[in-house]
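Inspection log for the structure reproduced underneath, given as structure tokens.
Protein chains: 2
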Amino acid sequence: MKKRLRVIGFDADDTLWINEPYYREAEEAFEKLMKPYKAGKNIAAELYRTEMGNLKWYGYGIKSFILSLVQCAIDITGGRVTSGTISEILQLGRHMLERPIELLEDVRPVIEKLSKQYRLIVATKGDLLDQERKMEKSSISSFFHHIEIMSDKQETHYSLLLHHLEIDPSEFMMIGNSMRSDIFPVLSLGGYAIHVPFHTTWMHEEVEADPVSSRFFRVSRLSEIIGIIDGL
Amino acid sequence: MKKRLRVIGFDADDTLWINEPYYREAEEAFEKLMKPYKAGKNIAAELYRTEMGNLKWYGYGIKSFILSLVQCAIDITGGRVTSGTISEILQLGRHMLERPIELLEDVRPVIEKLSKQYRLIVATKGDLLDQERKMEKSSISSFFHHIEIMSDKQETHYSLLLHHLEIDPSEFMMIGNSMRSDIFPVLSLGGYAIHVPFHTTWMHEEVEADPVSSRFFRVSRLSEIIGIIDGL
Numbered sequence: 007m008k009k010r011l012r013v014i015g016f017d018a019d020d021t022l023w024i025n026e027p028y029y030r031e032a033e034e035a036f037e038k039l040m041k042p043y044k045a046g047k048n049i050a051a052e053l054y055r056t057e058m059g060n061l062k063w064y065g066y067g068i069k070s071f072i073l074s075l076v077q078c079a080i081d082i083t084g085g086r087v088t089s090g091t092i093s094e095i096l097q098l099g100r101h102m103l104e105r106p107i108e109l110l111e112d113v114r115p116v117i118e119k120l121s122k123q124y125r126l127i128v129a130t131k132g133d134l135l136d137q138e139r140k141m142e143k144s145s146i147s148s149f150f151h152h153i154e155i156m157s158d159k160q161e162t163h164y165s166l167l168l169h170h171l172e173i174d175p176s177e178f179m180m181i182g183n184s185m186r187s188d189i190f191p192v193l194s195l196g197g198y199a200i201h202v203p204f205h206t207t208w209m210h211e212e213v214e215a216d217p218v219s220s221r222f223f224r225v226s227r228l229s230e231i232i233g234i235i236d237g238l
Numbered sequence: 007m008k009k010r011l012r013v014i015g016f017d018a019d020d021t022l023w024i025n026e027p028y029y030r031e032a033e034e035a036f037e038k039l040m041k042p043y044k045a046g047k048n049i050a051a052e053l054y055r056t057e058m059g060n061l062k063w064y065g066y067g068i069k070s071f072i073l074s075l076v077q078c079a080i081d082i083t084g085g086r087v088t089s090g091t092i093s094e095i096l097q098l099g100r101h102m103l104e105r106p107i108e109l110l111e112d113v114r115p116v117i118e119k120l121s122k123q124y125r126l127i128v129a130t131k132g133d134l135l136d137q138e139r140k141m142e143k144s145s146i147s148s149f150f151h152h153i154e155i156m157s158d159k160q161e162t163h164y165s166l167l168l169h170h171l172e173i174d175p176s177e178f179m180m181i182g183n184s185m186r187s188d189i190f191p192v193l194s195l196g197g198y199a200i201h202v203p204f205h206t207t208w209m210h211e212e213v214e215a216d217p218v219s220s221r222f223f224r225v226s227r228l229s230e231i232i233g234i235i236d237g238l
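First to last, the sequence lines map onto chains P and X. All residue numbers for the first sequence refer to our numbering, where the first residue is 7 and numbers rise by one. All residue numbers for the second sequence refer to our numbering, where the first residue is 7 and numbers rise by one.
In structure tokens:
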């Protein structure tokens, strides 16, 4: 059985490095920018609504997020938002793109070890350029064969990925912090999946019940995945 | 020699389908939106400068373009641009994303024929979601093995692509309308390249001199590439 596993896919944001807290910080900064306009709306809820409405067109990543912030600012202020505030929103986005990378605990040793036995890839929904930039800054890029950018992480997108990698689902394992994006679709195709929870999860990624599958695992520390993979 | 060619990469925008004229139209619409502000600046030149300044951070594609339009509107009006105008700029972007696909001449029969003998991929710099959407609308998606999104198309990016595809440069041919992005870097690595000029080329993609290489070809119609590939 062990020999069968060939490719291990890692989610990037909040699995390899910190990401979601930066979005939360940007959202808080956005709420502050909106405060003087006294829009009297639930800003977080309006922003989420805007993002969901744009998802089909813009997809995921920081550029989509900034575009949604600009649109949301215009909407909730009924057009009263100034170009100065919009400039500040663009700056929020730029700040996110410029942030240094903070690798999560255990990432470097775990990735280094696994890369000796398996082909590792990064499978992520963000912008390619942004993820490449993070990867370069991360000091772990040499352990990955390549980065796979996915427009979404539903079952159909993983099917395309496996076709592209030319492997069977049983030869693939996905590791990530989102049950919805990293775990369920992979299990459903017949692959392995290990859930590594992160303390902050975007509302859009939340699900309720756990899957029932012998190919599903959950760890509280990334280093525990070594034992699971060795034991397959 | 013929057996050696294994993968043919096609640029997407302005090689498979019309793209650049839509950017030109959006730029014209943007200039009209700016007109009432009487900024007295060369709007096209300012926009190009903004785009070049953002390229490192935003990369290519429609979302980057819209973000640059918003920033440029604020800059050239000295902050006088209204949120109403910014909304209209966001709408320009949405309109671009919603446009139907217009395949260029010969594309469908040529792609169909080549797909029987070679692995075809799309290698493009745009947004993945946008390119997937175009591909789905195009009726030619089944002839391609997959889409490769590249953050840029310099030699180093093609090296990564070839590594990812696990082929030698001599097993790869690139077909596209940009000398700078589709032809020069591939020739330089040792691959084959066929230039299919398009009537409109973005300033950023323009170059002057032609390469001297027996692996370089230029055609005036896409259908001519069949004869070249058969004759290798």
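A virtual CB, placed ideally from N, CA and C, is assigned to each residue, including glycine. Because the structure is a prediction, the values reported are computed rather than measured.
ask   = If the cut is a Cβ gap below 7 Å, which residues of chain X does HIS170 of chain P touch?
value = By 1-based counting over the first sequence, the position of residue 170 of chain P is 164. Residues of chain X with a Cβ closer than 7 Å to the Cβ of HIS170 of chain P are, in chain order, HIS152.
task = Taking 8 Å as the threshold, find out whether the segment 212-222 of chain P comes into contact with the segment 103-116 of chain P through three or more Cβ pairs.
result = The count of Cβ pairs closer than 8 Å, one atom from the segment 212-222 of chain P and one from the segment 103-116 of chain P, stays below three, leaving the stretches out of contact.
query = Does the beta-carbon distance from ARG114 of chain X to ILE146 of chain X come in below 8 Å?
reply = Here residue 114 of chain X corresponds to residue number 108 of the second sequence, with the count starting at 1. Here residue 146 of chain X corresponds to residue number 140 of the second sequence, with the count starting at 1. Their beta carbons are under 8 Å apart, which means ARG114 of chain X touches ILE146 of chain X by this criterion.
request  = Provide the residue span of the alpha helix (DSSP H) that contains PHE190 of chain P, from first to last.
outcome  = As a position in the first sequence, residue 190 of chain P is number 184, starting the count at 1. Element bounds for PHE190 of chain P: 190-195.
request  = List the residues of chain P whose Cβ lies closer than 9 Å to the Cβ of GLU177 of chain X, in chain order.
outcome  = By one-based count along the second sequence, residue 177 of chain X stands at place 171. Result: empty, since nearest Cβ-Cβ is about 16 Å, beyond 9 Å.
query = Using a Cβ cut-off of 8 Å, which residues of the segment 109-121 of chain X contact any Cβ in chain P, in chain order?
reply = For the segment 109-121 of chain X, no residue has a beta-carbon sitting nearer than 8 Å to a beta-carbon of chain P.
request  = Give me the Cα-Cα distance between ASP17 of chain P and LEU171 of chain X, rounded to the nearest whole angstrom.
outcome  = Taking the first sequence and counting its residues from 1, one reaches residue 17 of chain P at position 11. Taking the second sequence and counting its residues from 1, one reaches residue 171 of chain X at position 165. When rounded, the distance between both Cα atoms is 21 Å.
request  = Please name the residue in X:GLU230, X:TRP63, X:PRO217 whose C-alpha comes closest to that of GLY197 of chain X.
outcome  = Position 191 of the second sequence, counted from the start, is the residue given in the question as residue 197 of chain X. The option with the nearest alpha carbon to GLY197 of chain X is X:PRO217.
inquiry  = Counting only C-beta atoms, is GLN160 of chain X closer than 8 Å to chain P at any point?
reply    = Start at 1 with the first residue of the second sequence, and residue 160 of chain X comes out as number 154. For GLN160 of chain X, no Cβ of chain P is located within less than 8 Å of the residue's own Cβ.
query = Of all Cβ atoms in chain X, is any one closer than 8 Å to the Cβ of LYS69 of chain P?
reply = Looking up residue 69 of chain P in the first sequence gives position 63. Closer than 8 Å to some Cβ of chain X, the Cβ of LYS69 of chain P qualifies, so yes.
inquiry  = Taking only three categories from DSSP, how would you classify ALA215 of chain X?
reply    = Here the question's residue 215 of chain X lines up with position 209 in the second sequence. Three-state result, ALA215 of chain X: coil.
Validate contact between the segment 137-152 of chain X and the segment 173-183 of chain X using beta carbons, cut 8 Å, 3 pairs = Segments in contact, no.
Closest Cα partner of ILE24 of chain P within the set P:LEU168, P:MET185, P:TRP208, P:ILE200 = Here residue 24 of chain P refers to the residue found at position 18 when the first sequence is read from its first residue. Of the candidates P:LEU168, P:MET185, P:TRP208, P:ILE200, the one whose C-alpha sits nearest the C-alpha of ILE24 of chain P is P:TRP208.
key: Helix, strand or coil at PHE150 of chain P according to DSSP, with G and I counted as helix   = As a position in the first sequence, residue 150 of chain P is number 144, starting the count at 1. In this structure, PHE150 of chain P counts as coil in the three-state DSSP scheme.
ask   = By DSSP, does THR88 of chain X sit in helix, in strand, or in coil?
value = Locating residue 88 of chain X in the second sequence gives position 82, where the first residue counts as 1. Residue state, collapsed to three classes: coil.
inquiry  = Let's see if you can read the secondary structure: which residues bound the alpha helix (DSSP H) around ALA45 of chain X?
reply    = Taking the second sequence and counting its residues from 1, one reaches residue 45 of chain X at position 39. Membership of ALA45 of chain X in any alpha helix (DSSP H) is not indicated, and neither H nor E is assigned to it by DSSP.
ask   = Which residues bound the beta strand (DSSP E) around GLY15 of chain P?
value = To locate residue 15 of chain P, count along the first sequence from 1; it is residue 9. Taken as a continuous stretch (DSSP letters only), the beta strand (DSSP E) holding GLY15 of chain P covers 13-16.
ask   = How is the beta strand (DSSP E) around HIS201 of chain P delimited, first residue to last?
value = The residue you call residue 201 of chain P lines up with position 195 of the first sequence. From DSSP, the beta strand (DSSP E) with HIS201 of chain P extends over 198-201.
ask   = Pick from P:LYS44, P:GLU161, P:GLY15, P:ILE153: whose alpha carbon is nearest that of LEU195 of chain P?
value = Sequence index remark: in the first sequence, residue 195 of chain P carries index 189 (1-based). Among P:LYS44, P:GLU161, P:GLY15, P:ILE153, the Cα nearest to that of LEU195 of chain P belongs to P:GLU161.
inquiry  = Please classify GLN97 of chain X as buried or exposed, where buried requires at least 16 neighbouring CB atoms within 10 angstroms.
reply    = For the purposes of this step, residue 97 of chain X is taken as residue 91 along the second sequence, with counting starting at 1. Around the beta carbon of GLN97 of chain X, fewer than 16 other beta carbons sit within 10 angstroms, so the residue counts as exposed.
message = Does the CB of MET7 of chain P have a neighbour CB from chain X at under 8 Å?
response = For the purposes of this step, residue 7 of chain P is taken as residue 1 along the first sequence, with counting starting at 1. For MET7 of chain P, the predicted model reports a pLDDT of 44, less than 50, meaning its position is unreliable; a value from the coordinates is still stated below. No - not a single Cβ of chain X is within 8 Å of the one on MET7 of chain P.
ask   = Which word fits MET141 of chain P, buried or exposed, when buried means at least 16 other C-beta atoms lie within 10 angstroms of its C-beta?
value = Position 135 of the first sequence, counted from the start, is the residue given in the question as residue 141 of chain P. With 16 or more other Cβ atoms within 10 Å, it is buried.
ask   = How about LEU238 of chain X and LEU110 of chain X: do their beta carbons lie closer than 8 Å?
value = For the purposes of this step, residue 238 of chain X is taken as residue 232 along the second sequence, with counting starting at 1. For the purposes of this step, residue 110 of chain X is taken as residue 104 along the second sequence, with counting starting at 1. 8 Å or more divides the Cβ of LEU238 of chain X from the Cβ of LEU110 of chain X.
ask   = Are ILE127 of chain X and PHE150 of chain X touching if we call contact CB-CB under 8 Å?
value = Counting from 1 along the second sequence, the entry for residue 127 of chain X is found at position 121. Counting from 1 along the second sequence, the entry for residue 150 of chain X is found at position 144. Going by C-beta atoms, ILE127 of chain X is nearer than 8 Å to PHE150 of chain X.
message = Any beta carbon from chain P within less than 8 Å of GLN77 of chain X's own beta carbon?
response = In the second sequence, the residue the question calls residue 77 of chain X occupies position 71. Taking a beta-carbon distance threshold of 8 Å, GLN77 of chain X counts as an interface residue toward chain P.
inquiry  = Tell me which residue opens and which closes the alpha helix (DSSP H) that PHE36 of chain P is part of.
reply    = For the purposes of this step, residue 36 of chain P is taken as residue 30 along the first sequence, with counting starting at 1. From DSSP, the alpha helix (DSSP H) with PHE36 of chain P extends over 26-40.
ask   = Should ASP216 of chain P be flagged as near chain X, meaning a C-beta pair shorter than 8 Å?
value = The count along the first sequence starts at 1 and reaches residue 216 of chain P at position 210. By this cut-off, ASP216 of chain P is not an interface position.
inquiry  = If we define contact as Cβ-Cβ less than 8 Å, is ASP133 of chain X a contact residue for chain P?
reply    = Counting from 1 along the second sequence, the entry for residue 133 of chain X is found at position 127. Yes, its Cβ sits closer than 8 Å to a Cβ of chain P.
query = When the Cα atoms are used, what is the spatial distance from LYS119 of chain X to THR130 of chain X?
reply = Reading the second sequence from its first residue, position 113 is the one you call residue 119 of chain X. Reading the second sequence from its first residue, position 124 is the one you call residue 130 of chain X. The straight-line gap from Cα to Cα measures roughly 21 Å.
request  = Pick helix, strand or coil for LEU126 of chain P, following the three-state DSSP scheme.
outcome  = In the first sequence, counting from the first residue as 1, residue 126 of chain P sits at position 120. In the three-state reduction of the DSSP assignment, LEU126 of chain P falls in the strand class.
Contact belief for ILE234 of chain P with ILE189 of chain P at Cβ below 8 Å, rounded distance in angstroms = One-based indexing of the first sequence puts residue 234 of chain P at position 228. One-based indexing of the first sequence puts residue 189 of chain P at position 183. Their Cβ separation, rounded to whole angstroms, is 14 Å, which puts ILE234 of chain P and ILE189 of chain P out of contact at 8 Å.
query = If you draw a straight line from the C-alpha of SER74 of chain X to the C-alpha of THR56 of chain X, how long is it?
reply = One-based indexing of the second sequence puts residue 74 of chain X at position 68. One-based indexing of the second sequence puts residue 56 of chain X at position 50. So the two alpha carbons sit approximately 6 Å from each other.
ask   = Along chain X, in chain order, which residues have C-beta atoms closer than 9 Å to that of LEU29 of chain P?
value = The count along the first sequence starts at 1 and reaches residue 29 of chain P at position 23. Correcting the residue type first, residue 29 of chain P is Tyr in the shown sequence and not Leu. None at all; the shortest Cβ gap to chain X is about 17 Å.
ask   = Any C-beta of chain P sitting closer than 8 Å to the C-beta of TRP63 of chain X?
value = Counting from 1 along the second sequence, the entry for residue 63 of chain X is found at position 57. Residue-level contact check: TRP63 of chain X touches chain P, since one or more beta carbons of chain P fall below 8 Å from its beta carbon.
ask   = Buried or exposed: which applies to LYS8 of chain P, given that a residue is buried once 16 or more other Cβ atoms fall within 10 Å of its Cβ?
value = Along the first sequence, read from residue 1 onward, the residue named residue 8 of chain P stands at position 2. Model confidence at LYS8 of chain P stands at a pLDDT of 44, short of 50, so the residue's coordinates are unreliable; what they give is reported in the following sentence. That one is exposed.
ask   = Out of P:ASP19, P:ILE72, P:ILE49, P:GLY84, which has the shortest C-alpha to C-alpha gap to GLU94 of chain P?
value = Position 88 of the first sequence holds residue 94 of chain P. Taking only the C-alpha atoms, the option nearest GLU94 of chain P is P:ILE72.
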